[in-house]
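Residue numbers for the sequence shown follow the working numbering, so the first one is 1 and each next one is one higher.
Just so it is clear, CB atoms sit at the ideal spot from N, CA and C, and this is done for glycine as well.
Okay, structure first, notes after.
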Amino acid sequence: MKSMKNSVRFFIAMALVLASAVFAFAQSDIKISIQGTLKDANSSAVDDGAYDVTFRLYNTNSGGTAVWEETANVQVSGGVYSHRLGSVEALDASDFSETLFVGVEVNGVELSPRTELTYAPYTLNTQFAARAGNGVPAGSMMPFAGPLNRVPDDYIPCDGRALSSSEYPELFAAIGTAWGNGTTGIGSQNGNTDFNVPDSRGVFLRGWANGESTDPDRSSRSASAAGGATGDNVGTYQGDEFESHNHTMGSAGGHTHTINDGGSHSHGLNGTDGVMSFSGEGAEGNGGDGAGARVSSTASAGTHSHTMQSAGSHTHTISSSGGNETRSKNIAVLYIIKK
């Protein structure tokens, strides 16, 4: 191994960065990547090769006792080296609950000054993660592809459960009682709940209309749970419905059918080259000699219905078809909400 004189200078050439983005959910096998430059007393890069370097983490920028340390054999090329803290001695996420400084010792002498850790490693600690939200603000909903028992710690399933604002202040500050006042839903029986999370079970999400006609029935939207918002507001519920529409019946066997409304009306009757008899007072053509066409009209019978019967003395039945609901192709996911 190569050694250096006490006058060797050490410089942090790049900001400390996280080596992985998985720490938000898995705080084991933590690694923090750093890169540095080693120079001699003449500010020239040290010779290429492997050097023993001890890395320490302190909660103060000078003096004090290290909360963690490891010694590693690092490879230097052109004076530059890279190392992953935690690759020799495991890092503990709980150590990142306070400001830390990196101390580097070469050839028995710790170089000065120590370098403060940048903000990224602090997301390893749950307190800092909760404060920063891992970049996700409280109240954010997202689909989760796993089962209920694997929901991440910082999230709650969107199953309409009732919660306490004192226990979940950040979530309550974000969504309030738009989704319910906590009197109903899972957990509401304990008497300490005052708001609900969204209940996304079996329903589709729809963007808030906010006055736009894209949701023509927005003003009649109902509350998702007791005490929740109504009308054109976030958190409201809307049942399924078919839009008003018409049906067209095509021809069958060379003839067509028309279904008309059954309102009050009359029917015109045409007779040709034959005797036509009509009962009722004032009917024309009662008897007759068949000498030409006769035309008559029945009297209006008021509102009534018609039974459709096709030529050939057979009937048509219009039956319903389909399943239990109207839906598009879909996959089931579990929606979760950030605490």
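Residues bridged to residue i (per DSSP)
| i | result |
| --- | --- |
| residue 161 | Answer by DSSP bridge pairing: none, since residue 161 is not bridged. |
| residue 143 | 335 |
| residue 199 | 159 |
| residue 205 | None, per the DSSP bridge assignment. |
| residue 175 | In DSSP, residue 175 forms no bridge with anything. |
| residue 70 | 55 |
| residue 45 | 39 |
| residue 326 | Note: residue 326 sits in no beta bridge, so no partner. |
| residue 236 | 223 |
| residue 103 | 56 |
| residue 110 | 105 |
| residue 115 | 102 |
Distance CB(residue i)-CB(residue j) smaller than 8 Å
| i | j | result |
| --- | --- | --- |
| residue 104 | residue 178 | no |
| residue 114 | residue 102 | yes |
| residue 336 | residue 204 | no |
| residue 224 | residue 199 | yes |
| residue 57 | residue 100 | yes |
| residue 197 | residue 160 | yes |
| residue 73 | residue 52 | yes |
Length of the line joining the Cα atoms of residue i and residue j
| i | j | result |
| --- | --- | --- |
| residue 170 | residue 245 | 46 Å |
| residue 87 | residue 31 | 7 Å |
| residue 33 | residue 118 | 12 Å |
| residue 330 | residue 139 | 25 Å |
| residue 248 | residue 319 | 15 Å |
| residue 132 | residue 242 | Reliability fails at residue 132, whose pLDDT of 49 lies under 50, so the model's placement of it is uncertain and no value is given. |
| residue 180 | residue 59 | 45 Å |
| residue 97 | residue 65 | 16 Å |
| residue 77 | residue 42 | 17 Å |
| residue 95 | residue 61 | 15 Å |
| residue 210 | residue 137 | 22 Å |
| residue 89 | residue 71 | 8 Å |
| residue 110 | residue 63 | 11 Å |
| residue 142 | residue 153 | 14 Å |
| residue 379 | residue 36 | The question about residue 379 has no answer, for the chain in this structure spans 1 to 339. |
| residue 206 | residue 151 | 23 Å |
| residue 148 | residue 189 | 21 Å |
| residue 69 | residue 82 | 17 Å |
| residue 328 | residue 237 | 19 Å |
| residue 208 | residue 92 | 44 Å |
| residue 112 | residue 54 | 13 Å |
| residue 323 | residue 185 | 29 Å |
| residue 404 | residue 135 | What the structure shows of the chain is the stretch from 1 to 339, and residue 404 is not part of that stretch, so it cannot be assessed. |
| residue 80 | residue 67 | 26 Å |
| residue 166 | residue 229 | 21 Å |
| residue 332 | residue 217 | 27 Å |
| residue 340 | residue 174 | Residue 340 lies beyond the range of the chain shown here (1 to 339); nothing can be said about it. |
| residue 157 | residue 191 | 21 Å |
Cβ of residue i within 8 Å of any chain B Cβ
| i | result |
| --- | --- |
| residue 36 | In the structure shown, chain B does not exist; there is a single protein chain. |
Which of helix, strand or coil DSSP assigns to residue i
| i | result |
| --- | --- |
| residue 194 | coil |
| residue 243 | coil |
| residue 87 | coil |
| residue 135 | helix |
| residue 170 | helix |
| residue 181 | coil |
| residue 148 | helix |
| residue 50 | strand |
| residue 223 | strand |
| residue 189 | helix |
| residue 229 | coil |
| residue 262 | For residue 262, the predicted structure reports a pLDDT of 48, less than 50, and the residue's modelled location is therefore unreliable. A value from the coordinates is still provided. Note: residue 262 maps to coil in three-state DSSP. |
| residue 320 | coil |
Supposed contact pair residue j and residue i - C-beta distance, whole angstroms, cut 8 Å
| i | j | result |
| --- | --- | --- |
| residue 155 | residue 338 | 6 Å |
| residue 162 | residue 182 | 4 Å |
| residue 325 | residue 240 | 7 Å |
| residue 231 | residue 213 | In fact, because the Cβ distance is near 15 Å, the residues do not count as touching under 8 Å. |
| residue 187 | residue 193 | 6 Å |
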